[in-house]
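Chains as they are written, first to last, in this note's numbering: chain L, 51 to 116; chain C, 5 to 315. Note that the Cβ used here is the ideal one computed from N, Cα and C, for glycine as well. Below is one structure; the comments refer to it alone.
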Amino acid sequence: MSFRPDHELHRRRFSRNLGLGLTLVAFVMLVFALTVVKVTRGDPMQAFDHVARPELEPAATGGAQP
Amino acid sequence: MSDTQAYQQSGEAQFGDYVALLKPRVMSLVVFTALVGLLVAPVAVHPVVGFASILFIALGAGASGALNMWWDADIDAVMTRTRSRPVPAGKVQPGEALGLGLALSGIAIVMLALAANLFAAGLLAFTIFFYAVVYSMWLKRLTPQNIVIGGAAGAFPPMIGWAVATGGVSIESALMFGLIFMWTPPHFWALALFMKGDYHTAGVPMLTVTHGRRETRRQILIYTVLLAPVSIWSALTSIGGPFTLATAVVLNAIFLKGAYDIWKRAEETAEGDKYAVEKKVFKFSLAYLFLHFAAFLIEALLKAYGLGGWV
């Protein structure tokens, strides 16, 4: 079985695809690392989620604390 | 139409061409100054958060570079120095450069907000807007002071780095901004004196063309004189110390001597020795900025061992 040698065009396309692929993998790893750091440090992780979350409200002055 | 015909007709970019759109050499200065801004700040940042923040600041700077290359493709095509850039060379379509610039700007700003804080992200957004719109689109072709305005965009990264750590601005970060802002004009005008570029053909008002080379020499001296107090002041703040002050004094003395030599020289003398002094000052200006920011970093290191800083 014989293969035709790649035209330069295909090499350029491969370089684009490989570059973009590696960039996306690196981005996913970075977001994962950031998430791990932020969760383990206990940064505020909750936000508005269409459901009432009293614990996200600033504590009222003199009010009962949970 | 086969693939190979399409390539011959429209050009086909490889990954490196898109990387070239982000002006990697400018990015390296952004990374270094932003990193110093982040590390000398009084608040410690987790290494992963710091790394991600610097990466997204650099990405934002790269995005503004792509937007600049999209807008300035007509100028770049005329000038020898920039003719081989991806857009004028036909490797990347102007629309692609615009798309890449806008998409990366959005990603960089949102990710910096998530990794660090909203204030740093807002500063990055303003920097991109300032470089792409205020400098590239508006003032670059309008005024010979374009270098001064462009310098402001290049001066923001240490301020953003500081904001990543502290969430705000302070006199220290403003002085780091001032340092790059005042340094840019003498740096670029020294280059403009010996790189007799084709700005005139491209329709960009360069000071050397609009006001003459004599005036450019005078402006180099003026900005270098104004740079010195900003530099010394920065060495007297909380990011400075005896080591930074000594470095700043030496660096400014050499830069001032160079600017004075440039100012004093007649054009004929400069042509005679092929702009030896101008070239020397330009090279030194690069070392000036690098060493000045390195001094802030070393001072911070010394402080960690109880040696540096003002008591």
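Self-check item: Three-state class that DSSP yields for Trp314/C in the structure shown
Solution: Here residue 314/C refers to the residue found at position 310 when the second sequence is read from its first residue. Note: Trp314/C maps to coil in three-state DSSP.
Self-check item: Cβ contact check for the region 43-61 of chain C and the region 166-173 of chain C: 3 or more pairs under 8 angstroms
Solution: yes
Quiz item: Going by beta carbon distance, what residues of the same chain come within less than 6 angstroms of Asn256/C, once the five residues before and after it are set aside?
Solution: The sequence position of residue 256/C within the second sequence is 252, counting from 1. Closer than 6 angstroms at the Cβ level, and outside the excluded window around Asn256/C, lie Ala232, Ser235.
Quiz item: On the three-state DSSP scale, how would you describe Arg243/C?
Solution: Counting from one through the second sequence, the residue named residue 243/C turns up at place 239. Reading off the sequence shown, one finds Ile at residue 243/C, where the question assumed Arg. Coil.
Quiz item: Going along the chain, which unbroken runs of the alpha helix (DSSP H) with 4 or more residues stay wholly within the region 93-164 of chain C?
Solution: Taken in chain order, the unbroken stretches of alpha helix (DSSP H) that lie wholly in the region 93-164 of chain C and span 4 residues or more are 98-119, 122-133.
Quiz item: Does the region 296-303 of chain C come within contact of the region 219-230 of chain C, defined as at least 3 CB pairs closer than 8 angstroms?
Solution: no
Quiz item: Who are the near neighbours of Phe297/C in its chain, counting only those whose CB is closer than 7 angstroms to its CB and skipping five residues on each side?
Solution: Looking up residue 297/C in the second sequence gives position 293. Result list for Phe297/C: Phe36, Thr37, Val40, in chain order.
Quiz item: Would you report the Cα separation of Thr86/C and Ser32/C, rounded to the nearest angstrom?
Solution: Start at 1 with the first residue of the second sequence, and residue 86/C comes out as number 82. Start at 1 with the first residue of the second sequence, and residue 32/C comes out as number 28. Taking the CA atoms as reference points, Thr86/C sits about 19 angstroms from Ser32/C.
Quiz prompt | Residue span of the alpha helix (DSSP H) that contains Lys287/C, given as start and end | solution = Residue numbering aside, residue 287/C sits at position 283 when the second sequence is read from its first letter. Run containing Lys287/C: 280-308, per the alpha helix (DSSP H) assignment.
Self-check item: Span separating the alpha-carbon of Thr205/C from that of Ser88/C
Solution: Translated into the one-based positions of the second sequence, residue 205/C becomes position 201. Translated into the one-based positions of the second sequence, residue 88/C becomes position 84. Taking the straight line joining both Cα atoms gives about 17 angstroms.
Exercise. Could you name the residues of the region 56-67 of chain L whose beta carbon sits closer than 8 angstroms to any beta carbon of chain C, in the order they occur along the chain?
Key: His57, Glu58, Leu59, His60, Arg61, Arg62, Arg63, Ser65, Arg66
Quiz item: Checking contacts by CB at 8 angstroms: is Arg91/L closer than that to chain C?
Solution: Residue 91/L sits at position 41 when you count from the first residue of the first sequence. Yes - at least one Cβ of chain C is within 8 angstroms of the one on Arg91/L.
Quiz prompt | Cβ-based contacts, 9 angstroms cut-off: residues of the region 13-39 of chain C near chain L | solution = Cβ contacts with chain L come from Glu16, Ala17, Gln18, Phe19, Gly20, Asp21, Tyr22, Val23.
Quiz item: Would Ala263/C pass as a contact of Pro209/C if the rule is Cβ separation under 8 angstroms?
Solution: As a working note, residue 263/C is residue 259 in the second sequence. As a working note, residue 209/C is residue 205 in the second sequence. Going by C-beta atoms, Ala263/C is not nearer than 8 angstroms to Pro209/C.
Quiz item: Straight-line CA distance for Gly112/L to Phe133/C?
Solution: Here residue 112/L is taken as the residue at index 62 of the first sequence, counted from 1. Here residue 133/C is taken as the residue at index 129 of the second sequence, counted from 1. Because the pLDDT of Gly112/L is 49, which lies under 50, any placement of that residue in the model is unreliable, and the question is left without a value.
Quiz item: Can a CB atom of chain C be found closer than 8 angstroms to the CB of Ala102/L?
Solution: For the purposes of this step, residue 102/L is taken as the residue at position 52 of the first sequence. Nearest CB-CB separation between Ala102/L and chain C: not below the 8 angstroms threshold.
Quiz item: So, helix, strand or coil for Ser174/C, using DSSP?
Solution: Position 170 of the second sequence, counted from the start, is the residue given in the question as residue 174/C. Note: Ser174/C maps to coil in three-state DSSP.
Quiz prompt | Contact between the region 50-66 of chain C and the region 101-115 of chain C (3+ Cβ pairs under 8 angstroms) | solution = yes
Exercise. Determine the direct distance from the alpha carbon of Ala56/C to that of Val89/L, and round the result to whole angstroms.
Key: Mapped onto the first sequence, residue 89/L falls at position 39. Mapped onto the second sequence, residue 56/C falls at position 52. Distance between the alpha carbons of Val89/L and Ala56/C: 16 angstroms.
Quiz item: From Gly69/L to Leu102/C, what distance separates their C-alpha atoms?
Solution: Here the question's residue 69/L lines up with position 19 in the first sequence. Here the question's residue 102/C lines up with position 98 in the second sequence. Rounded to the nearest angstrom, the two C-alpha atoms are 19 angstroms apart.
Quiz item: Helix, strand or coil: how does DSSP classify Val78/L here?
Solution: On the first sequence, residue 78/L is found 28 positions in, with the first residue counted as 1. Of the three classes helix, strand and coil, the one that applies to Val78/L here is helix, per DSSP.
Quiz item: Buried or exposed: which applies to Arg54/L, given that a residue is buried once 16 or more other Cβ atoms fall within 10 Å of its Cβ?
Solution: Against the first sequence, residue 54/L aligns to sequence position 4. Exposed.
Self-check item: Sequence-distant residues of its chain with Cβ nearer than 6 angstroms to Ala124/C (five each side left out)
Solution: On the second sequence, position 120 is the one that residue 124/C refers to. Excluding positions up to five away in sequence, the list reads Leu116, Ile164, Ala167, Val168.
Practice problem: Put Arg217/C into one of helix, strand or coil per three-state DSSP. | Solution: Translated into positions along the second sequence, residue 217/C becomes position 213. Of the three classes helix, strand and coil, the one that applies to Arg217/C here is helix, per DSSP.
Practice problem: Compute the distance between the beta-carbons of Ala70/C and Arg62/L, then report whether it is under 8 angstroms. | Solution: Translated into the one-based positions of the second sequence, residue 70/C becomes position 66. Translated into the one-based positions of the first sequence, residue 62/L becomes position 12. Contact flag unset, no.
Quiz prompt | Members of the region 49-70 of chain C near chain L, C-beta cut-off 9 angstroms | solution = His50, Pro51, Val52, Val53, Phe55, Ala56, Leu59
Quiz item: With a CB to CB cut of under 8 angstroms and the five nearest residues on each side skipped, what residues in its chain are close to Ser174/C?
Solution: As a first step, residue 174/C must be located in the second sequence, where it is residue number 170. Excluding residues within five positions, the ones whose Cβ falls inside 8 angstroms are Trp166.
Quiz item: Under 8 angstroms between C-beta atoms, does Thr8/C make it to chain L?
Solution: The residue you call residue 8/C lines up with position 4 of the second sequence. For Thr8/C, the predicted model reports a pLDDT of 44, less than 50, meaning its position is unreliable and no value from the coordinates is stated.
Self-check item: Proximity test, Cβ basis, 8 angstroms: Ala119/C and chain L
Solution: As a working mapping, residue 119/C is identified with position 115 in the second sequence. At least one chain L Cβ lies under 8 angstroms of Ala119/C.
Quiz item: List, in order along the chain, the chain C residues whose C-beta lies closer than 9 angstroms to that of Leu74/L?
Solution: As a first step, residue 74/L is located in the first sequence; it is residue number 24 there, counting from the start. What Leu74/L touches in chain C: nothing, since even the nearest Cβ is about 12 angstroms away.
Quiz item: How would you label Pro108/L, buried or exposed, when you count the other beta carbons within 10 angstroms and need 16 or more for buried?
Solution: Indexing the first sequence from 1 puts residue 108/L at position 58. Exposed, by the Cβ-count rule.
Quiz item: So, is the C-beta of Val78/L closer than 8 angstroms to a C-beta in chain C?
Solution: If you number the first sequence from 1, residue 78/L lands on position 28. No - not a single Cβ of chain C is within 8 angstroms of the one on Val78/L.
Exercise. Buried or exposed for Glu58/L, please, with buried defined as at least 16 other CB atoms from any protein chain shown within 10 angstroms of its CB.
Key: Sequence index remark: in the first sequence, residue 58/L carries index 8 (1-based). With fewer than 16 other Cβ atoms within 10 Å, it is exposed.
Quiz item: Heavy atom of the ligand HEM less than 7 angstroms from the Cβ of Gly310/C, yes or no?
Solution: For the structure depicted, the ligand HEM is absent and the ligand set is empty, with no information on it obtainable.
Quiz item: Of the choices Asn121/C, Met186/C, Leu127/C, Ala178/C, whose alpha-carbon is the least far from that of Ala153/C?
Solution: Indexing the second sequence from 1 puts residue 153/C at position 149. Sequence check: residue 153/C is Ile here, not Ala. The candidate whose alpha carbon is nearest that of Ile153/C is Met186/C.
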